[in-house]
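Structure record follows, encoded as structure tokens.
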Amino acid sequence: MLLEADSKLLEDCQLPVQLGQGPLTQAQVEKLWITDRVSLIGCYNKHKAFIEYIKERDKLVRGKDGY
């Protein structure tokens, strides 16, 4: 039986943080950078999990031998 993908895998990734209009302090840049970095890693992991879901689904569709 084929299972549907987890709905979390189908959600959009977070957009990069908005930098605003004015100059930023070093502390602000670091905070914004780490926020974007965490989002990027989460998005990567979500896409990787979705790819694995598709591979497993396709294997089940083709049958045990993959044909």
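Using the working numbering, the first residue of the sequence shown is number 1235, and each one after it goes up by one.
The beta-carbon is built from N, C-alpha and C at its ideal position, and this holds for glycine as well.
All values reported here derive from a predicted model rather than from experimental measurement.
Which residue marks the beginning of the alpha helix (DSSP H) containing Lys-1293, and which one marks its end? 1260-1296
Would Leu-1266 and Leu-1258 be called neighbours here (beta carbons separated by less than 9 Å)? yes
Just confirm the distance between the C-beta atoms of Tyr-1287 and Leu-1236, as a whole number of angstroms; I'd bet it's less than 8 Å. Not a contact, Cβ separation roughly 10 Å.
Give the straight-line distance between the Cα atoms of Arg-1271 and Asp-1292, rounded to the nearest whole angstrom. 32 Å
Note down the Cα distance separating Val-1263 from Gln-1255, rounded to an integer number of angstroms. 13 Å
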